[in-house]
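A.B. asks: A single structure is presented below for examination.
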Amino acid sequence: MRIGELADAGNVTAKTVRYYESIGLMLAPERTASGYRDYSDAALDRLRFIRDAQASGLTLAEAGQILRMKDDGESTCQHTRALVNRHLTDIDAQIASLLAAKGELTALSRRAGSMNPADCTDPNACQVLTSGALTDGVPAEIASAVS
26 MRIGELADAG NVTAKTVRYY ESIGLMLAPE RTASGYRDYS DAALDRLRFI
76 RDAQASGLTL AEAGQILRMK DDGESTCQHT RALVNRHLTD IDAQIASLLA
126 AKGELTALSR RAGSMNPADC TDPNACQVLT SGALTDGVPA EIASAVS
């Protein structure tokens, strides 16, 4: 199949296929007598793997590691499991960071809601965001969540 057919079947663009070839993820295809790329069904399988790996959160470099191992006849299950577990750990850390940020913003929102705008007289600062704003007048359970 030609590059456009491969790209369509793999739900990517022809430019993406060319890029994957340029970085070694896709193997160079055979060429027709007229010079067109001629892809096999195996190329489509490889392209779908790359797409699925990315959709699962793996990087192109990680997908490439797995493909090189497969090309060398190696088992990839343990390697892939380690990659997936590392990504899970990263996501857990991101979730914790987002929850902490949410706690801080919730505390600031509550603080802002309880303040009288007429009391905000400093032309260089906002009383909601001043030093100690997250713990001044904030219930203890919220203050402990954001500190």
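The sequence shown begins at 26 in my numbering and counts up by one.
Idealized CB from N, CA, C, for every residue including glycine.
What does arginine 56 pair with, by DSSP beta-bridge criteria?
C.D. replies: Arg62
A.B. asks: Can at least three beta-carbon pairs, one atom from the segment 61-74 and one from the segment 28-37, be found at a separation below 8 Å?
C.D. replies: yes
A.B. asks: Just the Cα atoms here: how many angstroms apart are glutamate 46 and glycine 89?
C.D. replies: If you take the alpha carbons of glutamate 46 and glycine 89, they lie about 11 Å apart.
A.B. asks: Helix, strand or coil for glutamate 46, going by three-state DSSP, please let me know.
C.D. replies: Looking at glutamate 46 - three-state DSSP - the assignment turns out to be helix.
A.B. asks: Let's see if you can read the secondary structure: which residues bound the alpha helix (DSSP H) around valine 109?
C.D. replies: 102-139
A.B. asks: So, under 8 Å CB-CB, leucine 94 and threonine 101 are touching, yes? Tell me the CB distance rounded to an integer number of Å.
C.D. replies: Residue 94 is actually methionine in this sequence, not leucine. Confirmed, about 5 Å.
A.B. asks: How close, in whole Å, do the beta carbons of valine 153 and leucine 133 come, if the pair is a contact with beta carbons under 8 Å?
C.D. replies: Sure, about 6 Å apart at Cβ, within 8 Å.
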